[in-house]
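What follows is one structure encoded as structure tokens, with my remarks underneath.
Okay, structure coming up:
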């Protein structure tokens with residue numbers, strides 16, 4: 019194992035190299051471009067024994083990988099924002115065809131207005147496509163999660179999306195322990211597909227399916243998603259045995275005696291950790307629940323972590339128009355059938371890359387502490403008075 023200083027994007031590329039990926043296809047889009055630039059160089063220089071497919075769009079990119087993965091090879095792509103939106107049709111196809119493609123998704127706001135900074139709306143808009151989703155806090159977690167994503171995806175035959183914040187993580191340099199190839203090979207053996215297209219043994223993959231079978235196919239995908247929750251613990255245990263690190267579907271930080279638990283995801287968790295120590299030093303009983311795995315949603319783990327809380331404050335760097343923040347929706351759904359469950363306050367902050375500072379998080383906690391009950395809608399934090407064309411009179 020070697021200690022290196024890497025960008026989050028570089029950590030993704032190193033993980034792809036170590037996973038011995040055989041086919042890479044991508045279309046460059048800021049802030050994902052560093053990932054595929056590095057991988058293109060690795061393929062051209064012989065550092066990776068892989069094919070790099072240059073295509074004309076993100077839609078074509080995923081179409082190419084669906085074909086490649088169907089022949090029984092390990093594949094990878096990366097995208098962001100409008101690129102992921104363009105892939106939408108084929109995200110469903112990849113999961114429905116039970117193909118364990120792994121994607122790095124660098125969270126970036128959706129246009130218009132045109133914005134290249136971080137925002138979870140792009141990935142969360144794809145939450146119902148049948149892809150696993152993992153939200154990472156730092157570059158080490160990115161590298162480790164990429165490797166575990168391949169292992170999990172190939173165990174359950176479902177695609178996986180490893181999500182990292184634009185710029186805050188994708189372009190920030192951090193110390194990262196990069197494992198050796200032999201160690202990774204012990205954890206992630208060569209891909210052995212359960213099925214693949216083979217001219218010597220022809221069969222149809224994803225043909226027309228009649229009503230008497232379609233529902234069962236969808237149930238099998240749902241069951242495979244549930245299986246991920248069971249397999250994650252054993253996969254992380256094996257990973258920890260080799261590399262000494264594990265993360266869990268969620269991470270509860272000082273939640274045992276917490277009156278208020280702040281629910282976070284991605285890099286904002288690191289900011290919340292700083293605030294937590296400040297508040298605890300003042301005697302305030304506050305905890306953090308970091309949600310790493312969003313799909314499948316770890317309902318039981320979340321219920322256990324929040325069992326003793328009096329109030330819950332959820333940080334959403336996203337918004338579902340006509341509803342609320344998406345993490346808040348999911349947390350409410352997770353706890354709503356628990357007797358005497360704590361109220362859930364939803365906060366919207368940091369859209370389009372705006373900073374979520376300790377002061378912003380402290381404001382959320384203060385509002386949660388002083389309010390008797392949460393409003394039906396989400397609470398927007400940090401709005402300015404600037405006027406824009408809205409169509410409103």
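In this note's numbering, the protein residues as written are 19 to 411.
Where is the CB? At the ideal position from N, CA and C, for every residue including glycine.
The model shown is predicted, which means the values in this text are computed figures rather than measured ones.
Let me confirm a value: residue 292 is counted as buried when at least 16 other C-beta atoms fall within 10 Å, else exposed. Which label applies? Taking the first residue of the chain shown as position 1, residue 292 is located at position 274. With fewer than 16 Cβ atoms within 10 Å of its Cβ, residue 292 is classed as exposed.
Go through its chain and collect everything with a Cβ distance to residue 411's Cβ below 7 Å, but skip five positions before and after it. Numbered from its first residue, the chain shown carries residue 411 at position 393. Confidence is the limiting factor: at residue 411 the pLDDT is only 49, short of 50, which leaves the residue's position unreliable, though a coordinate-based value still follows. Closer than 7 Å at the Cβ level, and outside the excluded window around residue 411, lies no residue.
Beta-carbon proximity list for residue 92, same chain, < 6 Å, skipping 5 on both sides: As a position in the chain shown, residue 92 is number 74, starting the count at 1. Taking residue 92 as the centre and dropping the five residues before and after it, the same chain places the C-beta of 39, 40, 209 closer than 6 Å to its C-beta, in chain order.
Specify whether the region 268-281 and the region 242-249 touch according to this definition: at least 3 beta carbon pairs, one from each stretch, less than 8 Å apart. no
Can you tell me whether residue 151 is helix, strand or coil according to DSSP? Along the chain shown, read from residue 1 onward, the residue named residue 151 stands at position 133. In the structure shown, residue 151 sits in a strand (DSSP, three-state: E or B).
Residue 186 and residue 217: beta carbons closer than 8 Å? Working through the chain shown from its first residue, we reach residue 186 at position 168. Working through the chain shown from its first residue, we reach residue 217 at position 199. It is not a contact, given that the beta carbons lie outside the stated cut-off.
Any beta carbon of chain C sitting closer than 8 Å to that of residue 266? Absent from the structure is chain C; it holds one protein chain and no more.
Three-state secondary structure assigned by DSSP to residue 208: For the purposes of this step, residue 208 is taken as the residue at position 190 of the chain shown. Note: residue 208 maps to coil in three-state DSSP.
Validate contact between the region 145-152 and the region 304-317 using beta carbons, cut 8 Å, 3 pairs: Verdict: yes, contact present.
Nearest CA to the CA of residue 50: which residue from 26, 34, 35, 70? The sequence position of residue 50 within the chain shown is 32, counting from 1. For the options 26, 34, 35, 70, the alpha carbon positioned closest to that of residue 50 is the one of 26.
Complete beta strand (DSSP E) runs within the region 19-68 (minimum length 3 residues, chain order): 20-25, 41-44
Quick check on the burial criterion: 16 or more other C-beta atoms within 10 angstroms. Buried or exposed for residue 260? Residue 260 sits at position 242 when you count from the first residue of the chain shown. Result: exposed.
Let me confirm a value: residue 108 is counted as buried when at least 16 other C-beta atoms fall within 10 Å, else exposed. Which label applies? Locating residue 108 in the chain shown gives position 90, where the first residue counts as 1. Its Cβ being crowded by 16 or more others within 10 Å, residue 108 is buried.
Within 10 Å of its beta-carbon, does residue 358 have 16 or more other beta-carbons around it, so buried, or fewer, so exposed? For the purposes of this step, residue 358 is taken as the residue at position 340 of the chain shown. The residue in question, residue 358, is exposed, as its Cβ has fewer than 16 Cβ neighbours within 10 Å.
Spatial distance of residue 391 from residue 164 (CA atoms): Residue numbering aside, residue 391 sits at position 373 when the chain shown is read from its first letter. Residue numbering aside, residue 164 sits at position 146 when the chain shown is read from its first letter. If you take the alpha carbons of residue 391 and residue 164, they lie about 40 Å apart.
Cα-Cα separation between residue 378 and residue 235, rounded to whole angstroms: Translated into positions along the chain shown, residue 378 becomes position 360. Translated into positions along the chain shown, residue 235 becomes position 217. If you take the alpha carbons of residue 378 and residue 235, they lie about 45 Å apart.
CB-CB length for residue 399 against residue 365, believed under 8 Å: For the purposes of this step, residue 399 is identified with residue 381 of the chain shown, where counting begins at 1. For the purposes of this step, residue 365 is identified with residue 347 of the chain shown, where counting begins at 1. Yes, they are in contact, since the Cβ atoms of residue 399 and residue 365 sit about 6 Å apart, within 8 Å.
My guess is that residue 97 and residue 83 are in contact by the Cβ rule of under 8 Å, so how many angstroms apart are they, rounded? Translated into the one-based positions of the chain shown, residue 97 becomes position 79. Translated into the one-based positions of the chain shown, residue 83 becomes position 65. With a Cβ gap of about 11 Å, residue 97 and residue 83 do not count as contacting.
Tell me which residues share the same chain as residue 205 and place their Cβ nearer than 8 Å to its Cβ, disregarding the 5 neighbours each side in the sequence. In the chain shown, counting from the first residue as 1, residue 205 sits at position 187. Cβ within range, chain order: 165, 169, 256, 257, 260, 261.
Whole angstroms are fine: how far does the CA of residue 199 sit from the CA of residue 131? Position 113 of the chain shown, counted from the start, is the residue given in the question as residue 131. Position 181 of the chain shown, counted from the start, is the residue given in the question as residue 199. Answer to the nearest angstrom: the Cα atoms are 43 Å apart.
Name the DSSP bridge partner or partners of residue 305? Start at 1 with the first residue of the chain shown, and residue 305 comes out as number 287. Paired residue(s): 279.
Give every residue of the same chain whose Cβ lies closer than 6 Å to the Cβ of residue 80, excluding the five residues on either side of it in the sequence, and list them in chain order. Position 62 of the chain shown holds residue 80. Cβ within range, chain order: 105, 108.
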